[in-house]
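Asker: In our numbering, the protein residues as written are 10 to 533.
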Ligand SMILES: Cc1cc2nc3c(=O)[nH]c(=O)nc-3n(C[C@H](O)[C@H](O)[C@H](O)COP(=O)(O)OP(=O)(O)OC[C@H]3O[C@@H](n4cnc5c(N)ncnc54)[C@H](O)[C@@H]3O)c2cc1C
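(1) Count the other C-beta atoms from every protein chain shown that fall within 10 angstroms of the C-beta of residue 10, then say buried if there are 16 or more, exposed otherwise.
(2) With C-beta atoms as the reference, is residue 158 less than 8 Å away from residue 172?
(3) Using only the alpha-carbon positions, how far apart do residue 388 and residue 95 sit?
(4) Just checking my contact of residue 407 with residue 102 at CB under 8 Å: how many whole Å lie between their CB atoms?
(5) Report the residue ranges of all alpha helix (DSSP H) runs contained in full by the stretch 212–298; include only those spanning at least 4 residues, in chain order.
(6) Quick check on residue 211: buried or exposed, where buried means 16 or more other Cβ atoms within 10 Å of its Cβ?
(7) Output yes if chain D places a C-beta closer than 8 Å to the C-beta of residue 207; else output no.
(8) So who's on the other strand from residue 307, going by DSSP bridges?
(9) Can you tell me whether residue 129 is helix, strand or coil according to DSSP?
(10) Here's a check: name, in chain order, each residue in its chain whose Cβ is nearer than 6 Å to the Cβ of residue 528, leaving out the five neighbours to either side.
(11) From residue 299 to residue 132, what distance separates their C-alpha atoms?
(12) Which of the three DSSP states is assigned to residue 529 in this structure?
(13) Taking the DSSP output, what are the residues bridged to residue 80?
(14) Would you call the stretch 34–50 and the stretch 195–208 touching, i.e. three or more CB-CB distances under 8 Å?
(15) Applying the criterion that 16 or more other CB atoms from any shown protein chain within 10 Å of the CB defines a buried residue, is residue 196 buried or exposed?
(16) If you compare alpha carbons, which of 163, 327, 358, 24 is closest to residue 343?
(17) Counting along the chain, where does the alpha helix (DSSP H) carrying residue 522 start and finish?
(18) So residue 120 and residue 56 are in contact, right, with Cβ under 8 Å, and what is the actual spacing, rounded?
(19) Buried or exposed, going by whether 16 or more other CB atoms sit within 10 Å of the CB of residue 166?
(20) Does DSSP classify residue 138 as helix, strand or coil?
(21) Look up residue 317 in the DSSP assignment and say whether it is helix, strand or coil.
(22) Out of curiosity, what's the CA-to-CA distance linking residue 378 and residue 385?
(23) Are the CB atoms of residue 305 and residue 355 nearer to each other than 8 Å?
(24) So the candidates are 512, 364, 125; which of them puts its Cα closest to the Cα of residue 79?
(25) Report whether the distance from the Cβ of residue 534 to the nearest heavy atom of ligand 1 is below 7 Å.
(26) If you reduce the DSSP assignment to three classes, tell me which class residue 165 lands in.
(27) Hey, residue 82 and residue 232: beta-carbon distance below 8 Å or not?
(28) Excluding the 5 residues flanking residue 113 on each side, which residues of the same chain have their C-beta closer than 7 Å to its C-beta?
(29) Going by the CB atoms, is the gap between residue 456 and residue 491 shorter than 8 Å?
(30) Contact between the stretch 454–469 and the stretch 483–498: three or more CB pairs below 8 Å?
(31) If you measure from the CB of residue 183, is any heavy atom of ligand 1 nearer than 7 Å?
(32) Using a Cβ-Cβ cutoff of less than 8 Å, which residues in the same chain neighbour residue 226 once the five nearest sequence positions on both sides are dropped?
(33) May I ask which residues mark the beginning and end of the beta strand (DSSP E) holding residue 95?
(34) Over the uninterrupted alpha helix (DSSP H) stretch that includes residue 399, give me the two end residues.
(35) Taking Cβ to Cβ, would you say residue 380 is nearer than 8 Å to residue 368?
(36) Using C-beta distances below 6 Å, list every residue in its chain close to residue 123, excluding the 5 sequence neighbours before and after it, in chain order.
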C-alpha cells in the first residue's frame, strides 16, 4: 500500500517526539512518526533537562507536569579526594540588579522515560499516534531531477511518499547509513557505570549534585525524584574486561571515590553500562529532502548532560522552518539555516565535552597528576573566588551549561538587512535568544519598543499587519513587561531567536530582508 504525507519522522525518542509536538502546532501540515520499538522505552537514561529545554516545554504548556515528576537541582559540587574544591550555586545567580534572564534558573532532573511519556501523551491528546513496531527500512528519492520527494519503505511492507524525511533514529541511524553519511569520531576508552537507587546518610542536600575525582577514577551522585538518586562511576578500558559491574561494586566505587563511607546505597531500580563516543556528521541536511537530528547527527560524552537537550533543540530549530516552507511558501533557503545553525552548536559541543571528558578520565600520568594535584587548587583558590565575586562569571557559566547561552549570530545566517540603523552596544543582536518573554512557536513576533503614536512606527506596524498577517504577531513592550528599553523594534523567530531589529522603521529595508525567506508573501 502506498500513502503520502508531508513529513515522515523516523524514531520516537525524545528528539522525534519533540519534533512531532512542535509540528502538531501547525494544523495545515501532515506528518507521521514511526518507531521500530513496539513500546516506549522505560530506561531512565538522560536525566538532566536544562533551562533552555524547560523554556521549550513551557511553550507546549508541559513545564508544570515536567517539574512535578522531577527534581529541581540548584547546586553542583566538585570534590577532589574527598575535599570540596568548588560549589556552583544556581540560587546565587539570581539577583534583582542582574536577573538571570530565564524563567528556569536551575536544572530539572527528570528521567528520560518520563520526558518521553510527557511528550507522547501531549501528542495523543492532540490525536496523534506514534506508529510503533514499524521499522523504517529504506528510502528512495523519487524523480530526483525534479526533486519531488522520497519513497520510504516500512517493515510492514507499506510504502509512504513524503516531501521530507526527518531522521531522529538515534546513534545507529538507518537513514544516516542509507545516505552514506560519515559519522566521524571516536569511542572513549572509559565507560560509565550508571545505577538509579536510593541513598540515605548523604552529606549533600536533596537538591545538590556531586562530582567526585579520585585517583581510581570519577564518580557522581545526582538527585532524582523522592529519595532516589543516580550514581555513576567511570571504569577504564584495561579494567573493563574483568570488571565486576554488580550494583554492590558500583556503590563501593562511589563510596571510595567520594570518601562518603557512611553512605547507605540500596534498592537499585535500573543500572546500565554506558559506552561513550564522540561523533558527528558534517551535514545536517542531505540531498535537500533529508534532515538529521539528535543522536543521529551527534553523540558525545555525558559531561554536562547535554545529549538529549541538544536533540530537543535540534527539533525546536527545524520544526517551524519546515512548517513555514510547507504552509507559508517560505523559501527553501530557510531550511539551510537548520544546518548552518545546529551544525555549529554540535561541533562546539562535541569538542568541549570531548576535552572535558578526556581530562576527567585520562590515564596519562601527567594529566592524572594535574587532575588530582593542580586542578583542585586552581578551582579552590582561583575559580571559586572568581565565581563568588563575579555575578557576570556565574551567569556566563550557567548560560553555557543550560544551553540558554547558545546564539546563532553569524554573517552567513543573517546575510542581509538583519539590523536597520545604528544601535547601542547593549541592544540584543540578531541571532541572540530573546530571553524576556516566551512567545508561541507558531509565529514570528514583532515587539515594538518605540511609541506607536509616531507616524513612522504606526506606518511600519500597518505595513506588517497588511502584508504578513498570518506570519507576524505584533506586541507592545509596555503590555509584555519587558525590562529592555530602546527606540526601535525587534522581530523574534518562532523559536525565540532574534531575526531582525530596527530603529529606523524602514519598510523597504524590512521587505528586502524578509523577502529572502518569504519571497511570495504578498507585499503591497
Ligand atoms: C545509559 C545511557 C545514559 C544516558 N545518560 C544521559 C544523560 O545523563 N544526559 C544526556 O543528555 N544524555 C544521556 N544519554 C544520551 C541520551 O539518552 C540520548 O542523547 C537521547 O536518547 C537521544 O535522543 P534521540 O531521540 O536523538 O535518540 P534515541 O533516544 O536513540 O531515539 C531513537 C529512536 O529511534 C528508533 N529507531 C531507530 N531506528 C529506527 C528505524 N529504522 N525505524 C524506526 N525507528 C527507529 C529507536 O527505536 C528509538 O526509539 C544517555 C544514554 C544512555 C544509553
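C-beta atoms are modelled at their ideal positions from N, C-alpha and C, and glycine is treated no differently.
Bear in mind the structure is a predicted one, so any value in this text is a computation, not a measurement.
Answerer: So, from the data block:
(1) exposed
(2) yes
(3) 6 Å
(4) Indeed, because the Cβ distance is near 5 Å, the residues count as touching under 8 Å.
(5) 246–249, 256–267
(6) buried
(7) Among the chains in the structure shown there is no chain D, since it carries only a single protein chain.
(8) 289
(9) helix
(10) These residues qualify, in order along the chain: 340.
(11) 23 Å
(12) coil
(13) 118
(14) With fewer than three CB-CB distances shorter than 8 Å, the stretch 34–50 does not count as touching the stretch 195–208.
(15) exposed
(16) 327
(17) 516–524
(18) 6 Å
(19) exposed
(20) coil
(21) helix
(22) 11 Å
(23) Cβ distance not < 8 Å, so residue 305 and residue 355 don't count as in contact.
(24) 125
(25) The requested residue 534 does not occur in the structure, where the chain is confined to residues 10 to 533.
(26) coil
(27) If you check the CB distance, residue 82 and residue 232 come in under 8 Å.
(28) 60, 63, 64
(29) Yes.
(30) yes
(31) yes
(32) 199, 242, 243, 244, 245, 262, 266, 370
(33) 92–98
(34) Element bounds for residue 399: n/a, residue is neither H nor E.
(35) yes
(36) 78
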